[in-house]
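Numbering (the numbering used here), first residue to last: 1 to 111.
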């Protein structure tokens with residue numbers, strides 16, 4: 001009986017740690033007045049994460065990153081949800097295709 005109880009507790013502990021390990025950080029970028037805020041997003045290297053791009057403008061924007069191979073439309077008052085990573089340390093620029101002079105930023109991946 002003691003062996004069964006010990007095994008059951010070990011299985012529960014493994015399931016709990018697995019569920020915690022699967023939770024990803026969520027980062028949000030807001031597009032307002034054709035500018036991204038924050039314009040610099042810092043994330044940890046080697047970890048998957050969720051990125052939400054919330055468009056508060058009245059017009060559609062195309063969230064784009066050449067280095068991340070992303071080209072996605074985000075409608076007015078809509079939120080684009082992406083899963084990214086794991087990424088190596090470095091800088092990954094992004095921009096709004098329709099307002100490149102103001103809608104730009106970078107994801108900085110740090111150790």
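All C-beta atoms, glycine included, are put in the ideal place defined by N, C-alpha and C. In this text the structure is predicted, and so the values were computed from the model without any measurement.
In the displayed model, residue 99 falls within a helix according to three-state DSSP. When only Cα atoms are considered, residue 25 and residue 37 end up about 18 Å apart.
Of all alpha-carbon atoms in 110, 75, 79, the one lying nearest the alpha-carbon of residue 61 is that of 75. Around the C-beta of residue 90, fewer than 16 other C-beta atoms lie within 10 Å, and the residue is accordingly described as exposed. For residue 44, the enclosing beta strand (DSSP E) has its first and last residue at 40-44.
Boundaries of the beta strand (DSSP E) around residue 104: 104-110. A distance below 8 Å between beta-carbons, with the five flanking residues on each side excluded, links residue 56 to the following residues of its chain, in chain order: 30, 31, 32, 77.
Classified as buried, residue 53 has 16 or more neighbouring CB atoms from the shown chains inside 10 Å of its CB.
The secondary-structure analysis by DSSP pairs residue 27 across a beta bridge with 51. Residue pairing by DSSP puts residue 93 in a beta bridge opposite 106. In this structure, residue 44 lies away from residue 83, with their beta-carbon atoms at least 8 Å apart.
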